[in-house]
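So in the working numbering, spot 118 of the sequence shown is number 134, and the numbers just go up one at a time. Don't be surprised by glycine CBs; every beta carbon is placed ideally from N, CA and C.
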Amino acid sequence: MKLDVLAFAAHRDDVEITCGGTLAKLAERGHVVGACDLTQGEMGTRGTAAERAAEAEAATKILGLAARVNGDLPDAGVFNTREYQNRLVDIVRAYRPETVILPGHDQRHPDHRVTPELVFDACYFAGLAKFGKGAPHRPRKILWVHTNYTPFNPTFIVDIGAQMEKKIASIRAYASQFAPKAGDALGPPGSDVFEWVRARARTYGMMIGKTYGEGFYQREMMEVEDVARVSGQSV
Ligand SMILES: [Zn+2]
Numbered sequence: 017m018k019l020d021v022l023a024f025a026a027h028r029d030d031v032e033i034t035c036g037g038t039l040a041k042l043a044e045r046g047h048v049v050g051a052c053d054l055t056q057g058e059m060g061t062r063g064t065a066a067e068r069a070a071e072a073e074a075a076t077k078i079l080g081l082a083a084r085v086n087g088d089l090p091d092a093g094v095f096n097t098r099e100y101q102n103r104l105v106d107i108v109r110a111y112r113p114e115t116v117i118l119p120g121h122d123q124r125h126p127d128h129r130v131t132p133e134l135v136f137d138a139c140y141f142a143g144l145a146k147f148g149k150g151a152p153h154r155p156r157k158i159l160w161v162h163t164n165y166t167p168f169n170p171t172f173i174v175d176i177g178a179q180m181e182k183k184i185a186s187i188r189a190y191a192s193q194f195a196p197k198a199g200d201a202l203g204p205p206g207s208d209v210f211e212w213v214r215a216r217a218r219t220y221g222m223m224i225g226k227t228y229g230e231g232f233y234q235r236e237m238m239e240v241e242d243v244a245r246v247s248g249q250s251v
């Protein structure tokens, strides 16, 4: 299968929380979109790997993704090693995405911190003809999406106003993770996951004069062809 866009994350439910709206929007526009979770989430405090697999399948349908891939790396054991680079190179070559979405850097969970570095390196090696086996492929574009509570300077924001409820439904599909349980707080203390997901999307949306948004970063400068038609309104 050849994908237009492939989003990587450490755990099932990560892509839904970070860029679920954007993935749904891409799929609605006819792009072939996939998600790759590097681990099966077997070390999660809540839910089993099997439960999370079924939940991921339901969330995948809600977002309209064409593929849900699992890297089968150990949960709480994601390291940027040659062995794992090889595994990721195989996935990049198997799905040949033009665009790759990675989680943002600077995160407390070591799996979250290492995932963007590991996949970024694998995307490069995947383009080397003599590296490993299989036909070389290097994604044209790599984007990072805001993942954590730490500050993140996006270079562009995607309007997800029309996809926000799909995003929320895809997160809700992970009942083992996010069904309310008395006495514990997920996300920032005192808030529930849906409240902070909505709050962040609202904040990003406001920056582009829309209701909800998701913030992305790209290393390259974005070219503007027609300066008279740059989107957005000055504030
Ligand atoms: Zn995670």
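{"Query": "Per-residue DSSP class, three states only, for K41", "Result": "helix"}
{"Query": "Any chain C beta carbon closer than 8 Å to K157", "Result": "No chain C appears in the structure shown, which is made up of a single protein chain."}
{"Query": "Opening and closing residue of the alpha helix (DSSP H) in which N164 lies", "Result": "Here N164 belongs to no alpha helix (DSSP H), and DSSP marks it neither H nor E."}
{"Query": "Minimum length 4: unbroken alpha helix (DSSP H) runs contained in the stretch 96 to 170", "Result": "98 to 111 and 126 to 141"}
{"Query": "Pairwise C-alpha distance: R245 and F24", "Result": "32 Å"}
{"Query": "Other residues of its chain near Q179: CB distance less than 6 Å, five sequence neighbours each side excluded", "Result": "G37, A40 and K41"}
{"Query": "Endpoints, beta strand (DSSP E) assigned at Y233", "Result": "G229 to Y233"}
{"Query": "Of the residues G93, S247, R112 and L104, the one placed nearest G57, counting alpha carbons only", "Result": "G93"}
{"Query": "Residues whose Cβ lies closer than 5 Å to any heavy atom of ligand 1, in chain order", "Result": "A26, H27 and D30"}
{"Query": "Range covered by the alpha helix (DSSP H) that runs through T76", "Result": "A65 to L79"}
{"Query": "Enclosing beta strand (DSSP E) for G50 [first to last residue]", "Result": "V49 to T55"}
{"Query": "Sheet register partners of I173 (DSSP bridge)", "Result": "G231"}
{"Query": "For G248 and G225, the rounded distance between their alpha carbons", "Result": "7 Å"}
{"Query": "Check: E58 C-beta below 7 Å from any heavy atom of ligand 3", "Result": "Annotation note on ligand 3: not contained in the displayed structure, which lists ligand 1 as its ligands."}
{"Query": "Element boundaries [alpha helix (DSSP H), containing V213]", "Result": "V209 to M223"}
{"Query": "CA-to-CA distance, R98 to D30, given in whole angstroms", "Result": "24 Å"}
{"Query": "Enclosing beta strand (DSSP E) for A23 [first to last residue]", "Result": "V21 to A25"}
{"Query": "Beta-ladder partner(s) of R84, from DSSP", "Result": "A51"}
{"Query": "Start and end residues, alpha helix (DSSP H) containing E181", "Result": "M180 to R188"}
{"Query": "Rounded separation between K146 and D137 - CA only", "Result": "15 Å"}
{"Query": "Bounding residues of the alpha helix (DSSP H) (the contiguous stretch that carries Q249)", "Result": "That residue, Q249, is in no alpha helix (DSSP H); it is neither H nor E in DSSP."}
{"Query": "Buried or exposed (CB count within 10 angstroms, at least 16 for buried), A66", "Result": "exposed"}
{"Query": "Euclidean distance between Cα positions of L89 and C139", "Result": "17 Å"}
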